[in-house]
Amino acid sequence: MYQNAAIIAEQVGGTVEGDPSVMIHRVGSLDQAEPGAIAFYYDPKYLPHLFVTRASAVFVSRELVLSQPVITTLIRVEHPYHAFNTILNRFYQESLPKAGLESPHFIAPDAVIGENVYIGYNAYIGKGAKIGKGAKIFPHCFIGENCVIGENTIIYPHVTVYAQCKIGNRCIIHAGAVIGSDGFGFLKDKEGNNIKIPQLGGVILEDEVEIGANATIDRATLDETIIRKGVKLDNLVQVAHNTEIGEQTVIASQTGLAGGVKIGKNCMIAGQVGFVGHIQIADQTQIGGQSGVSKSITEKGKIMRGAPATDLKTQLRSEAVFRRLPELLERIETLEKLLQQQSQS
Amino acid sequence: MYQNAAIIAEQVGGTVEGDPSVMIHRVGSLDQAEPGAIAFYYDPKYLPHLFVTRASAVFVSRELVLSQPVITTLIRVEHPYHAFNTILNRFYQESLPKAGLESPHFIAPDAVIGENVYIGYNAYIGKGAKIGKGAKIFPHCFIGENCVIGENTIIYPHVTVYAQCKIGNRCIIHAGAVIGSDGFGFLKDKEGNNIKIPQLGGVILEDEVEIGANATIDRATLDETIIRKGVKLDNLVQVAHNTEIGEQTVIASQTGLAGGVKIGKNCMIAGQVGFVGHIQIADQTQIGGQSGVSKSITEKGKIMRGAPATDLKTQLRSEAVFRRLPELLERIETLEKLLQQQSQS
Amino acid sequence: MYQNAAIIAEQVGGTVEGDPSVMIHRVGSLDQAEPGAIAFYYDPKYLPHLFVTRASAVFVSRELVLSQPVITTLIRVEHPYHAFNTILNRFYQESLPKAGLESPHFIAPDAVIGENVYIGYNAYIGKGAKIGKGAKIFPHCFIGENCVIGENTIIYPHVTVYAQCKIGNRCIIHAGAVIGSDGFGFLKDKEGNNIKIPQLGGVILEDEVEIGANATIDRATLDETIIRKGVKLDNLVQVAHNTEIGEQTVIASQTGLAGGVKIGKNCMIAGQVGFVGHIQIADQTQIGGQSGVSKSITEKGKIMRGAPATDLKTQLRSEAVFRRLPELLERIETLEKLLQQQSQS
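Residue numbers (our numbering), protein chains in the order written: chain A, 622 to 966; chain B, 622 to 966; chain C, 622 to 966.
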């Protein structure tokens, strides 16, 4: 992308104040941007940066009244951050590889490859797999037998998709993620040895799911592990077999879901949280970092924290007293002494 | 696998009730199976599913007395789930790639490749490595110099086995796992800079070990990091240098073992547990999720939880009171006021 | 490496006691070393091993006075462990692949490859990337467009470096690590759907950084995620977008840093710690395992633990009382009964 401020303003319905011919070829933040970059200004806290920014253009609100002149070119829009995000997205799209096949690669004879697909160097597309149109499969990926990859989905390097998994449209799978590894299930035989329970179910990712780098999603023992539409999982998240994550739920890094957990829609789950197996979490639940969720949450929209996870307010009160425990012990000891003195007097 | 109910019954020592010629070509759960699938019924909780299942055949107990007719074909066996697991295992074996070498691949001239081995596309077998007969090395794997991979071991895509590591027979290593990375050891020099302690030991995995996706097992500084027979590690588990994990121990996802830890046999360790370095854990210990184990556990068979990990009963009692801490504080304040009033009256 | 004790002694400024011609071709620990190995002795706890060790040579202190004869050859030096580490380092360097290009590989026509570089089988070097002299890129690595890899840096198999990232000199990146994946940022649209915030910043690793296996480092939304000189990150560590980690800081396995965190210099952070976003941690801070750091730490050199993280002494006191909470509750109940009896009498 290499365009002038006037064209960018047109793309987001904005109006230019300053030099409409200034060329933009990157993005930046208000305080660190370099010439040639476009930035945005919204939060009054950063107003001083606006007057000294080296960015060549800045999205600002239509309502903004300036107390002093600026050097940069302004593009006035209704929502500066949304306009900026639109431009970010164009740069992102342009940063992706173009359609085409890098050689060598491995495509099984009966695999079906859609139009305008990018297949990177050494990517492996197994027997019977289907790659939707516009999909981008980066170098070194492994797409197993009979997998289905949706349209315009992006799969970064070193991703493994085991056989029989289905990935929807417009998904993004980051490098090193593993989709469809065996669920963790064992029986004990009479001698106490662990006997593997083979895992023959699948994994379904619906549309617009994003999976973080080196995250792991196990296939179901039978049936399916399901990640619903719009779910976003951060790096190193673990999703065990037979779980289901509801639409638009967001889960931060290093959180782990044990087997058979069912998470509702629109939940917000922070990092390093653990869920025990076979519990259900209601829609719109919010869970704080490092919580341990050991029971189902049946009421919608609760905010929980702690291990075991508790209503946030209750948890905060208990945490506050925890800090004062040595003091509490002393106060109890004082009370005991006083009572003993009384009884002796 | 594509066989009729009569043949399957024969394979598990069962007897058919219904149509012995019905063809089975997949597995399923009682409530979600589709025609052509075999399922099992054991837990009375799911009895209603038995009467309406679409599965073509179902393993049931010899003792089961039916209160109403079923549509599906029954195969009566002693242990329905064990019979089902046997059939699961056959499907699993059949889902694996056949022996053979996909091209291109890299096999060092002096590497030794056993009979009936599968070497996937682009797999790398380093100098002096030995691959046991029947082993399956999936695409994109890296097997370093002088590694030994046992018979019938399965290594899924994108696994890295650093040089000089030994993996036993019938092991399963899931995608993205790393075996033999450097232990995390540094000295400080006079200026306070971190100086690497080179890690020149190895890793030994004994027979029937299973390692989860993206798990990491560091090589020893000297000597060996050892994972004993039958150990099962879930996804994203971290095993630091010079640790040893005893036979048949099972460790769930995202748990981390610091350097020099020695875990006993037949332990059950839940997810997200942390172990500090250089401690020893007795056989048959069970440790609850997210626990922090900071001291050796010398008595066999204990059940522990919490951070720092404590006897489960003690921990549960403390957790219960933790929830009531604000109340305790109030009760102390009330007592103090009462005593003050007494002393003033 | 295959040298006699006399030459090794010369390399570390030591003097030989025993057979100077004994050949050394490996390293080992005092108690497990085999003939042909060199070991070291320093801690009096291990003195009995010194007299029976099978190591062919052992570094010992110049001051050591022996109470009985030894079988092995001694090399007397000022600091036995430092001498040993010097020799370890030579073995480590020799264990690395020699310079050269394994075929096939993918090097974009405009990529710049320095002298004496090792490019492993199937490594991918994208458009405009620069590989510094002496660097070693192992098989199956992906180095994205315009990346810069410094001199003598080692990148183990299956590492992904997304486009536009900069890695310094003498860094070590372990297998499966991901550098430059998208930061985890989403907006909600009017319908509550998650809209991706494209991540267009970069990642900078300064010199002598070591990154553990399967660790993940996200690129910045704008600007840069920065890992300063000499930082060491263990396996499975998560570093979110726009974070900065100060020089010589060491972070153990499975710790996670949320977005925008700024960690000072020379910090020591244990495993499984979590940091909430946008906080700052002073230089020389030490943080215990599994801590949850929810606020900035402004004072240098503090030792913290717990969730939320607290001054270590305070935390230990609270933890001690936590264990006694059921007893505290009983004591409060006893006090209440006593007071009630008083008021009734």
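For every residue, glycine included, the Cβ atom is placed at its ideal position computed from N, Cα and C.
Taking the beta carbon of residue i as the centre, do at least 16 other beta carbons fall within 10 Å, making it buried, or is it exposed?
i      : result
K958/B : exposed
P701/C : buried
F759/C : buried
N815/C : buried
P656/A : exposed
K787/A : buried
G922/B : exposed
N790/C : buried
Q785/A : buried
T864/C : buried
V914/B : buried
K853/B : buried
E827/B : buried
For the alpha helix (DSSP H) containing residue i, list its first residue and its last residue.
i      : result
R840/B : Segment: none, R840/B is in no alpha helix (DSSP H) and carries neither H nor E.
T955/A : L946 to Q965
T774/A : Run containing T774/A: none; DSSP gives neither H nor E here.
A729/B : Here A729/B belongs to no alpha helix (DSSP H), and DSSP marks it neither H nor E.
A626/A : A626 to Q632
A704/C : P701 to S716
V673/C : L668 to V673
Between which two residues does the beta strand (DSSP E) carrying residue i extend?
i      : result
V681/A : A678 to S682
F807/C : F807 to K809
V637/A : T636 to E638
K817/B : N815 to K817
G823/B : G823 to L826
T906/C : Careful: T906/C lies outside any beta strand (DSSP E) and carries neither H nor E.
R697/B : T694 to V698
V897/C : That residue, V897/C, is in no beta strand (DSSP E); it is neither H nor E in DSSP.
V659/C : For clarity, residue 659/C is Ile in the given sequence; the question names Val instead. A658 to F661 is the span of the beta strand (DSSP E), which, as asked, contains I659/C.
Measure the CB-CB distance between residue i and residue j and report whether it falls below 8 angstroms.
i      : j      : result
G995/B : T906/B : Because residue 995/B is not part of the residues shown, which for chain B are 622 to 966, the question remains open.
E772/B : K748/B : no
V691/A : F672/A : yes
E829/C : G801/C : no
H670/C : L651/C : yes
C762/A : A744/A : yes
Q869/B : N887/B : yes
G579/B : N737/B : Nothing about residue 579/B can be read from this structure; chain B reaches only from 622 to 966.
L946/C : V942/B : yes
Q875/A : Q875/B : yes
V780/B : G806/B : no
I890/A : I918/A : no
R697/C : G639/C : no
L949/C : L960/A : no
L956/C : L956/A : yes
R952/A : I953/B : yes
A720/A : Y742/A : no
Flag this pair as touching only if the region 831-838 of chain B and the region 723-732 of chain C have three or more C-beta atom pairs under 8 angstroms; answer yes or no.
No: the two stretches stay apart, fewer than three of their Cβ pairs being nearer than 8 angstroms.
Are the region 812-821 of chain B and the region 837-854 of chain A touching by the rule of at least three beta carbon pairs closer than 8 angstroms?
no
Give the residues from the region 877-901 of chain A that approach chain B closer than 8 angstroms (Cβ to any Cβ), ordered along the chain.
G877, A879, Q893, G895 and V897
Assess contact between the region 865-880 of chain B and the region 898-908 of chain B, defined as three or more Cβ pairs (one per stretch) separated by less than 8 angstroms. Is contact present?
yes
Using a beta-carbon distance cut-off of less than 7 angstroms, what residues from the region 739-768 of chain B approach chain C?
N743, Y745, H761 and F763
Stretch pair the region 663-675 of chain B + the region 855-873 of chain A: three plus CB contacts closer than 8 angstroms:
no
Check whether the region 667-685 of chain B touches the region 638-653 of chain B, taking contact to mean three or more Cβ pairs, one atom from each stretch, closer than 8 angstroms.
Verdict: yes, contact present.
Any C-beta of chain A within less than 8 angstroms: which residues of the region 632-645 of chain B qualify?
none
Within 8 angstroms, do at least three Cβ pairs link the region 931-942 of chain A to the region 925-935 of chain B?
Cβ pair count under 8 angstroms is below three, so no.
Any C-beta of chain C within less than 7 angstroms: which residues of the region 786-804 of chain B qualify?
Cβ contacts with chain C come from G797, V799, S802 and D803.
What residues in the region 684-704 of chain C have a beta carbon less than 9 angstroms from any beta carbon of chain B?
Y702 and H703
In chain order, what residues of the region 929-953 of chain C put their CB closer than 9 angstroms to some CB of chain F?
Looking at the structure shown, chain F is missing, and the protein chains on hand are A, B and C.
With 7 angstroms as the limit, tell me which residues of the region 837-860 of chain C have their beta carbon closer than that to any beta carbon of chain B; keep them in chain order.
G851, K853, D855, N856 and L857
Closer than 7 angstroms, Cβ to any Cβ of chain A: which residues of the region 645-679 of chain B, in chain order?
V648, G649, S650 and Q653
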